[in-house]
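Residue numbers (the working numbering): 1 to 122.
Just so you know, even glycine gets a beta-carbon here, dropped at the ideal spot from N, CA and C.
Written out below as structure tokens is the structure these notes cover.
Okay, here's the thing in structure tokens:
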């Protein structure tokens, strides 16, 4: 090979390597900015709670759930089904309210589900 083909080959390789490193640095910078944004959000929430605690504002403490390891299987299945039904009802209510607010027609399946759950008055 001629000497200029080696120079051309190495120039292309160096430029490709630099482009790859630039792309990786760009992605790292974007990820770092997302991390900073999330850190700012968490710090703001922490500062709010800190100020509330300093002012003597009482927040309700969540009760720790019972350990699932000692829950009988039948009770765990029943709790799961109750929770699933509550989540489904909440989703259905939000969807119906959103479509009503936006002036969109309701889905037939949503109307039937709401009637079965006793949510619809007519």
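| Asked | Found |
| --- | --- |
| CB-CB length for residue 110 against residue 92, believed under 8 Å | 6 Å |
| Spatial distance of residue 38 from residue 61 (CA atoms) | 24 Å |
| For residue 57, the three-state DSSP class (helix, strand or coil) | coil |
| Enclosing alpha helix (DSSP H) for residue 66 [first to last residue] | Here residue 66 belongs to no alpha helix (DSSP H), and DSSP marks it neither H nor E. |
| Bounding residues of the alpha helix (DSSP H) (the contiguous stretch that carries residue 125) | Summary: the structure shown does not reach residue 125, with the chain confined to residues 1 through 122, and so no result is reported for it. |
| Beta-carbon gap between residue 106 and residue 99 smaller than 8 Å | yes |
| Bounding residues of the alpha helix (DSSP H) (the contiguous stretch that carries residue 113) | 108-117 |
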